[in-house]
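Remarks on the structure that follows.
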Amino acid sequence: MELTDRMRRMGTESAFEVLGRAHELEKQGRKVIHLEIGEPDFATPPHIVEAAVAALHDGFTGYSPAEGIPELREAAASFFSRTRGAEYPADRIVITPGAKPIMLYAMLALCDEGDEVVYPDPGFPMYESLAAFAGARPVPLRLREENAFRVDPDELASLVTDRTRLVILNAPHNPCGSASDRADVDRIAEVLAGRDLYVLSDEMYWAIRYGSEHASIATAEGMADRTILLDGCSKTFAMTGWRLGFAALPSELVEPVIRLIINSVSCTATFVQKAAAVALNGPWDPVEAMIREFHVRRDAMVEGLQRLPGITCTEPEGAFYVFPNVRALGGSSRDLARYLLEEAGVATLWGNAFGPGGEGYLRLSYANSIENIRAALESIEAALPSFPGG
Ligand code: PLP
Numbered sequence: 258m259e260l261t262d263r264m265r266r267m268g269t270e271s272a273f274e275v276l277g278r279a280h281e282l283e284k285q286g287r288k289v290i291h292l293e294i295g296e297p298d299f300a301t302p303p304h305i306v307e308a309a310v311a312a313l314h315d316g317f318t319g320y321s322p323a324e325g326i327p328e329l330r331e332a333a334a335s336f337f338s339r340t341r342g343a344e345y346p347a348d349r350i351v352i353t354p355g356a357k358p359i360m361l362y363a364m365l366a367l368c369d370e371g372d373e374v375v376y377p378d379p380g381f382p383m384y385e386s387l388a389a390f391a392g393a394r395p396v397p398l399r400l401r402e403e404n405a406f407r408v409d410p411d412e413l414a415s416l417v418t419d420r421t422r423l424v425i426l427n428a429p430h431n432p433c434g435s436a437s438d439r440a441d442v443d444r445i446a447e448v449l450a451g452r453d454l455y456v457l458s459d460e461m462y463w464a465i466r467y468g469s470e471h472a473s474i475a476t477a478e479g480m481a482d483r484t485i486l487l488d489g490c491s492k493t494f495a496m497t498g499w500r501l502g503f504a505a506l507p508s509e510l511v512e513p514v515i516r517l518i519i520n521s522v523s524c525t526a527t528f529v530q531k532a533a534a535v536a537l538n539g540p541w542d543p544v545e546a547m548i549r550e551f552h553v554r555r556d557a558m559v560e561g562l563q564r565l566p567g568i569t570c571t572e573p574e575g576a577f578y579v580f581p582n583v584r585a586l587g588g589s590s591r592d593l594a595r596y597l598l599e600e601a602g603v604a605t606l607w608g609n610a611f612g613p614g615g616e617g618y619l620r621l622s623y624a625n626s627i628e629n630i631r632a633a634l635e636s637i638e639a640a641l642p643s644f645p646g647g
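Residues in the sequence shown are numbered from 258 upward in steps of one, following our numbering.
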């Protein structure tokens, strides 16, 4: 069977490959500690679950409007206002099954063959994959450890051309855990001023910050109408499997994106939307409790990694990943990740699963219990001296 060129250009997420091998080992009776996962290990807060169950009993089981139910669009608009200071009317909000579809829709709506999409490298693997699939040219923007894995506005400026249609930003960042503050987004906005392009600001991890305040590019001078502000319930409310994303769009993108929704998925599950409205309007304590726990684990993870010979680790400011530098150990980061899975029973991801800029690093998720994190660090410590390296 001949597949299309566009299918050949589409990549995938290595996390699923590692998970597959980890499950194989577990079937053979081996114990594996999962630090490759990208989802909170917390249960969805009970009041949200109850809202979904009530919605099912109340008959919210049919199609909804493609763009989402008015109640959730209103809730999302007021959530953006409250949490980001970004003011959007509800008719500029669209609801999708998870955040990922918005990435695809943005690229399909904005990019013709040969247009350019600037995306962070290392970065969430779907950015490059979906840009290539849509026919655009993915242009990597390096995030460098010496710059705390933040976007360097000068480097961004050097990559923007007349063909650039979309610049993707992601903070707090997967896989590096870097963040952006007011000064960062203002400087990025200056670079993009006067350019005929849009920004896709992936803010899935905005709530998971340790200390400093999140700032959205959508609130920088001149950016509100050129930013696709992307968020969702997956990480903030531990709802990965529910599939609920929401985005504020530039006005001219609302109708095309709704058409893409109609053509692809029709709408997002209606009872899930009812529960999401409760999540966005509801109490914040469960989110805070989760973040407090992530904070403790981050500290344990960074401290533990720093103690290992040959590993250094920048302290992440957000999300639930660490991205330690493992270059001094020799060998490729893929070899190291494989070795740690097979020999130490610890599943991690190699840094270049997130783009060539990630070579020399590993991504470890601390969405796991503190006991498991400590046990994983001990196993890594015991296995490292025998790593063959390069
Ligand atoms: N954006 C980033 C940076 C992510 O890490 C993820 C999930 O891992 C997503 C988007 C996808 O979110 P969703 O599961 O809601 O589609």
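Ideal Cβ placement from N, Cα and C applies to all residues, glycine included.
Query                                                                                          : Result
Sheet register partners of V514 (DSSP bridge)                                                  : Partner(s): none; V514 has no beta bridge.
Beta carbon proximity, E599 to chain B, threshold 8 Å                                          : Although the question refers to chain B, the structure presented lacks it and comprises just one protein chain.
Simplified DSSP state of T340, which is helix, strand or coil                                  : helix
Per-residue burial, Q563 [other beta carbons within 10 Å of its own, 16 or more giving buried] : exposed
Three-way DSSP call (helix, strand, coil) for N427 in this model                               : strand
Cβ pair G489, P358 closer than 8 Å                                                             : no
At least 3 beta-carbon pairs within less than 8 Å: the stretch 378-395 vs the stretch 540-552  : no
Reduced DSSP secondary structure (H/G/I, E/B, other) of L416                                   : helix
Under 8 Å between C-beta atoms of T318 and T527                                                : yes
Short Cβ contact (8 Å threshold) for D298 with N625                                            : yes
Proximity below 8 Å, CB of G567 to CB of V583                                                  : yes
Beta-carbon spacing of A477, A312 below 8 Å                                                    : no
Residue burial classification, Y345 (beta-carbon count within 10 angstroms, cutoff 16)         : buried
Residues proximal to ligand 1 by C-beta, any heavy atom closer than 6 Å                        : G295, G355, A356, K357, F381, N427, N431, D459, M461, G489, S491, T497, G502
Beta-ladder partner(s) of V522, from DSSP                                                      : In the DSSP output, where bridge partners are listed per residue, V522 has none listed.
For I548, three-class secondary structure by DSSP                                              : helix
Identity of the residues DSSP links to H291 by a beta bridge                                   : A604
Distance CB(F406)-CB(C433) smaller than 8 Å                                                    : yes
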